[in-house]
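Written below as structure tokens is the structure these notes are about.
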């Protein structure tokens, strides 16, 4: 058994982490200061962004609960409050901290690189899935902590949460899209001269196009990606996010939904070209974590043959 935290959102739904309900066969939820447990079901789960939505069939669970309103992405040094049920007790725990860093990070659950927010509020096992509150509104969901450090924890911010909820409205979660490129920075002056980049131009050099990806047949190796949806890409692979803030340009792709179209400006053999590419959900050579609940297997002479997945 395992436990985690969560919060009630609009539509009589409970928002939590996907890793809290991973591999579950039976889920129960309980409101703070209530002895009664209710059976819950998974309505949607996105293991790439580590989010899940639960439902409870018994309307009594939501009878005296107001859903938490959604906030926005906080700024650096904003004060946030973490609420949840970490180890060490059975009562609600409340800790406070500030926003320390906002950047694209790898999510431990899936290794997917998405927008994340670092906070210094105390986070411990059991806090996972709990709300992070700022000005009475939901600023994010507690996700993971860096166990080798002191008070470095991460939350899933509202842009990722809203992307997940929007994606799930049709009953099917497609996941974050993929463009299908590998690249290198263009900070080297000799490289910039070779590809004809001006001093006031940024851009990243495409080194490989992943077969069968949306970029396959539309982009080429040695193309220089200059802008995405009109947003200039710097030579270090970042773009201006907010004043005095920069993010990896992959965030411009991640904020799109699968099957959306993305506009690219590239430099190919000295000529600037506009390219429109319809995006598709990310695909994997191996089944992603938690997508194969009970893989088939065959035992012969003591040797077990089974489907190859990231879990196994």
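Numbering (our numbering), first residue to last: -1 to 310.
Glycine residues also receive a C-beta, built at the ideal position from the N, C-alpha and C atoms.
query: Near residue 42, what residues of its chain come up, given a Cβ to Cβ distance below 6 Å and the 5 sequence neighbours on each side ignored?; result: 51, 166, 171
query: According to DSSP, which residues form a beta bridge with residue 138?; result: 130, 155
query: What does the alpha-carbon distance come out to for the pair residue 233 and residue 111?; result: 20 Å
query: Look up residue 244 in the DSSP assignment and give the residues it is bridged to.; result: 238
query: Quick one: is residue 184 near chain C, going by C-beta distance under 8 Å?; result: Note that chain C does not occur in the displayed structure, where there is just one protein chain.
query: Would you mind reading off the limits of the beta strand (DSSP E) that contains residue 261?; result: 259 to 266
query: From this set, 4, 91, 48, 213, which residue's C-alpha is nearest residue 65's C-alpha?; result: 4
query: What is the C-beta distance between residue 221 and residue 265, in whole angstroms, given that I count them as a contact (C-beta under 8 Å)?; result: 7 Å
query: Exposed or buried, residue 144, counting other C-beta atoms within 10 Å across all chains shown (16 or more means buried)?; result: exposed
query: Thinking C-beta only, is residue 15 closer than 8 Å to residue 49?; result: yes
query: Would you mind giving the Cβ-Cβ distance between residue 230 and residue 268, rounded to the nearest angstrom? I have them listed as a contact below 8 Å.; result: So it is not a contact: roughly 19 Å between Cβ atoms.
query: I need the straight-line Cα distance from residue 35 to residue 236, nearest angstrom please.; result: 47 Å
query: What number of angstroms, rounded off, separates the C-alpha of residue 24 from the C-alpha of residue 38?; result: 8 Å
query: Would you say the segment 177 to 188 touches the segment 92 to 106, given that touching needs at least three Cβ pairs under 8 Å?; result: no
query: Just grab the DSSP bridge partners of residue 276 for me.; result: 259
query: Checking 8 Å against the spacing of the C-beta atoms, do residue 82 and residue 128 come in under that value?; result: yes
query: Give the DSSP-derived three-state secondary structure of residue 251 in the structure shown.; result: helix
query: Span of the alpha helix (DSSP H) holding residue 216?; result: Looking at the DSSP string, residue 216 is not in any alpha helix (DSSP H), and its letter there is neither H nor E.
query: Just list the beta strand (DSSP E) runs in the segment 62 to 123, keeping only unbroken ones of 3 residues or longer that don't cross its boundaries, in chain order.; result: 77 to 82, 91 to 104, 111 to 117
query: Between residue 161 and the rest of its own chain, which residues show a CB-CB distance below 8 Å, the 5 nearest in sequence each way excluded?; result: 47, 174, 252, 253, 255
query: Just reading off the beta strand (DSSP E) that residue 226 is part of, what are its end residues?; result: 222 to 226
query: Cβ of residue 179 within 8 Å of Cβ of residue 204?; result: yes
query: Evaluate residue 295 with the Cβ neighbour count: other Cβ atoms within 10 Å of its Cβ, from every protein chain shown; 16 or more gives buried, anything less gives exposed.; result: exposed
query: Taking DSSP as the reference, what is the three-state secondary structure of residue 57?; result: helix
query: From residue 101 to residue 154, what distance separates their C-alpha atoms?; result: 11 Å
query: In its own chain, which residues sit with a C-beta less than 7 Å from the C-beta of residue 2, not counting the 5 before and 5 after it?; result: 14, 15, 18, 124, 126, 127
query: Threshold first: 4 residues or longer. Then list the alpha helix (DSSP H) segments lying entirely within the segment 156 to 200, N to C.; result: 156 to 165, 187 to 192
query: Where does residue 59 land, buried or exposed, given buried means 16+ other C-beta within 10 angstroms?; result: buried
query: Per DSSP, what kind of secondary structure is residue 208 in: helix, strand or coil?; result: coil
query: How would you write the range of the beta strand (DSSP E) that residue 27 sits in, first residue to last?; result: 25 to 27
query: So, helix, strand or coil for residue 305, using DSSP?; result: coil
query: Alpha carbon to alpha carbon, how far is residue 136 from residue 107?; result: 22 Å
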